[in-house]
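Okay, so the sequence shown: first residue is 4 according to the working numbering, each after it adds one.
Single-structure report; data block below.
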Amino acid sequence: MKEKEKYSEVLSQVSLLFQKTSEFAREQSKRQIEDTVTKCLQFIFETDIEFLIELSEARSVPIAEFFVQSNYSEGYSIKTKPEIARGGGVVDIISLALRIAFLQQNQPNLSGPLILDEPGKHVSNDYIFNLGEFLKQSSNVFNRQIIMVTHNPHLSQISDKSFYVKNKGGISEVSPYQE
Numbered sequence: 004m005k006e007k008e009k010y011s012e013v014l015s016q017v018s019l020l021f022q023k024t025s026e027f028a029r030e031q032s033k034r035q036i037e038d039t040v041t042k043c044l045q046f047i048f049e050t051d052i053e054f055l056i057e058l059s060e061a062r063s064v065p066i067a068e069f070f071v072q073s074n075y076s077e078g079y080s081i082k083t084k085p086e087i088a089r090g091g092g093v094v095d096i097i098s099l100a101l102r103i104a105f106l107q108q109n110q111p112n113l114s115g116p117l118i119l120d121e122p123g124k125h126v127s128n129d130y131i132f133n134l135g136e137f138l139k140q141s142s143n144v145f146n147r148q149i150i151m152v153t154h155n156p157h158l159s160q161i162s163d164k165s166f167y168v169k170n171k172g173g174i175s176e177v178s179p180y181q182e
């Protein structure tokens with residue numbers, strides 16, 4: 004009987020160790036993702052804005068909620084859900100930054116291009132140039148090709164190669180993009 008009690012105690016300790024390790028890993032990932040997305044938001048919107056993740060648990064299932072905190076020079080901050088903070092442009096940028104963060108932090112490393120369909124579709128013209136520069140720098144820093152579909156003339160001009168696709172009678176015609 005003592006052996007079973009001892010074995011049960013060891014299992015409890017191992018379970019606790021796994022739980023603590025999982026919590027630590029979750030917290031580390033949270034910080035890395037918050038940092039990556041925050042830097043992206045600050046670069047594109049040129050303002051003191053932060054991306055925050057609040058972790059909780061419900062019925063032993065981890066839950067993550069996303070927030071955007073705008074910090075003002077007058078000394079106050081406003082924390083809101085991303086979809087409420089300045090419209091769809093913020094959500095577009097968070098979505099893009101999360102994709103890049105998850106792709107770069109994945110283990111084992113995932114190779115291949117980053118494929119984007121209409122990135123920054125809701126980003127205003129005031130910030131679209133910053134988005135283009137962010138995409139270009141991300142491609143260089145992470146040594147990752149970006150394949151992008153866009154209707155935005157500025158984003159189509161930042162690439163090394165651009166193509167214009169036209170639907171003519173149900174057939175796609177592809178030609179080099181002319182500015």
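Backbone N, C-alpha and C fix where the C-beta goes; we use that ideal spot for every residue, glycine too.
- By the CB criterion at 9 Å, residue 126 and residue 134 fall inside the cutoff.
- C-alpha of residue 121 to C-alpha of residue 13: approximately 53 Å in a straight line.
- Checking the DSSP bridge columns, you'll see residue 80 partnered with 74.
- Here residue 165 has 159, 180 as same chain residues with Cβ atoms under 6 Å from its own Cβ, once five neighbours each way along the sequence are excluded.
- Annotation: the continuous beta strand (DSSP E) that includes residue 53 extends over 52-61.
- Note on residue 151: 16 or more other CB atoms within 10 angstroms of its CB, so buried under the neighbour-count rule.
- As the crow flies, the alpha-carbon of residue 177 is around 36 Å from that of residue 111.
- Counting along the chain, residue 174 sits inside the beta strand (DSSP E) bounded by residues 174-179.
- Listed in chain order, the non-local C-beta contacts of residue 29 below 7 Å within the same chain comprise 58, 65, local neighbours out to five positions each way being set aside.
- Proximity to residue 144 across 91, 5, 107 peaks at 107, based on C-alpha coordinates.
- Assignment of alpha helix (DSSP H) within the region 113-161, counting only whole runs of 4 or more residues, yields 131-144, 156-160 in chain order.
- Using a 10 angstroms sphere on the CB of residue 92, the tally of other CB atoms reaches 16 or more, which defines it as buried.
- If you check the CB distance, residue 87 and residue 43 do not come in under 9 Å.
- Counting every other CB atom within 10 Å of its CB across the protein chains shown gives residue 103 a total of 16 or more, marking it as buried.
- Closest in C-alpha terms to residue 68, from the list 37, 49, 4, comes 37.
- In the structure shown, residue 8 adopts helical secondary structure according to DSSP, grouped into three states.
- Per DSSP, the continuous beta strand (DSSP E) segment holding residue 170 begins and ends at 166-171.
- For residue 39, the closest C-alpha among the options 54, 9, 169 is that of 54.
- Going by DSSP, residue 110 is part of no alpha helix (DSSP H) at all; its letter is neither H nor E.
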